[in-house]
Amino acid sequence: MALGENEGIWAWTRFNQLFNYVPLAALIEKKIIFCNWTGIRCNAAGTVSQIMIYNQEVNGTLAHFNFSSFSHLTYLDMSINNISGGIPVDIGNATRLEKLSLFSNSLNGNTP
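Residue numbers for the sequence shown follow full-length UniProt numbering, beginning at 1 and rising by one.
Structure (structure tokens):
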């Protein structure tokens, strides 16, 4: 079963412990309005189109980031953080992605 956009963001943030962005109670109850988050922009339809979480001391990996859940994602900037591991092959599922910025992290492996 594929995760929807909101569930994809929720799961990824839980795995990477981004509790400094959202109160723990909101994460547990999944009562989060993502379009109001700092660094998240939505299009007119209310779906996430831009994720700009750069220079925020984010720790973790992209392993649980479900790119296929973000069918309207055009911009992803997570540069200047502490993201490690590789870039998942399924980043290719973000077919509308126009800009990807991941510099100044601890990424390794091949770029898909």
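Even glycine gets a Cβ: it sits at the ideal position worked out from N, Cα and C.
Note that the structure is predicted; figures quoted are calculated from it, not measured.
Enclosing beta strand (DSSP E) for residue i [first to last residue]
| i | result |
| --- | --- |
| M52 | V48 to M52 |
| G85 | N82 to G85 |
Cα-Cα separation between residue i and residue j, rounded to whole angstroms
| i | j | result |
| --- | --- | --- |
| G109 | T47 | 31 Å |
| R41 | S101 | 16 Å |
| G92 | E57 | 26 Å |
| P112 | G86 | 9 Å |
| A44 | Y75 | 15 Å |
Secondary structure of residue i, DSSP reduced to three states
| i | result |
| --- | --- |
| I91 | helix |
| S106 | strand |
| N59 | strand |
Residue environment, residue i, which counts as buried when at least 16 other CB atoms sit within 10 Å
| i | result |
| --- | --- |
| S49 | buried |
Would the stretch 84 to 98 and the stretch 65 to 73 be scored as touching if the rule is three or more Cβ pairs under 8 Å?
yes
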